[in-house]
Amino acid sequence: MMSSIDLWFPLDQVWPIAEHAMAAPEHSWSPYDTENPPVPALIWAKDEGTYLLSNGRPRQLDPHRPGHSIICHAVGWTDSHTGLGTTAVGGDDFAEYIALTEHDETTPPLIDLIREFGPHHGWLILTVEPNKYTVAVQRPGPTSPRP
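Here the sequence shown stands for residues 597 to 743, where the numbers follow the working numbering.
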């Protein structure tokens with residue numbers, strides 16, 4: 597198994613999903629987190645590939661796929677048959693909630709970074725290691741993947 601993997605999500609697709617979560621009147625939340633109230637978040641899921649969607653309620657439905665939410669796949673990971681289970685992401689299906697409004701004194705809220713870099717065709721990058729992940733946002737550049 598790989599020790600880490602970078603998953604690249606195009607911000608021009610993530611941005612409207614994040615804005616839906618921010619504008620929604622209600623939010624779903626992890627059933628494993630009973631201590632914290634639901635907040636606007638991106639849901640990072642893995643089943644048929646790996647992708648992001650909004651936790652906003654009512655759901656952000658995809659007009660091209662009735663009954664399904666709008667999603668943004670990681671570049672190159674649109675189905676489960678591409679070897680994702682052999683990476684640090686692992687083989688089991690999951691849903692992880694990435695809060696959009698949390699921040700500390702050194703890191704702005706993720707929604708602010710998405711709004712800043714989204715119009716410039718930036719990227720949201722999940723760096724996944726066994727048992728942890730980090731989130732970064734960047735402008736396009738020479739290290740960006742070529743979809």
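Quick reminder that beta carbons are idealized off the backbone N, C-alpha and C, glycines included.
- One alpha carbon belongs to L603, the other to N632, and they sit about 27 Å apart.
- Residue ranges of uninterrupted beta strand (DSSP E) with 3 or more members, entirely inside the stretch 626-659 and ordered along the chain, are 637-643 and 645-650.
- Note on geometry: alpha-carbon atoms of I666 and P726 lie some 28 Å from one another.
- Its chain contains C668 as the residues whose beta carbon lies nearer than 8 Å to that of Q609, once the 5 sequence neighbours on both sides are disregarded; these appear in chain order.
- For A691, the uninterrupted beta strand (DSSP E) run begins and ends at F690 to A695, by DSSP.
- Beta-carbon to beta-carbon, G652 and H616 are separated by about 5 Å, close enough to satisfy the 8 Å threshold.
- When the alpha-carbon of A670 is set against those of F713, T630, L607 and S626, the nearest one is in L607.
- A straight-line Cα-Cα distance of about 8 Å links I721 and Q734.
- Contact annotation, M618 with L696: C-beta distance approximately 6 Å; criterion of less than 8 Å satisfied.
- Distance from the CA atom of D643 to the CA atom of F690, rounded to whole angstroms, is 7 Å.
- Counting C-beta atoms within 10 angstroms of its own C-beta, G663 has fewer than 16 neighbours from the protein chains shown and is therefore classed as exposed.
- Judged by DSSP in its simplified three-state form, W673 adopts coil rather than helix or strand.
- In this structure, I613 and S650 form a Cβ contact; the two beta carbons are roughly 5 Å apart against a cut-off of 8 Å.
- Annotated three-state conformation of H716 is helix, per DSSP.
- Taking all protein chains shown into account, G672 has fewer than 16 neighbouring C-beta atoms within 10 Å of its C-beta and is therefore exposed.
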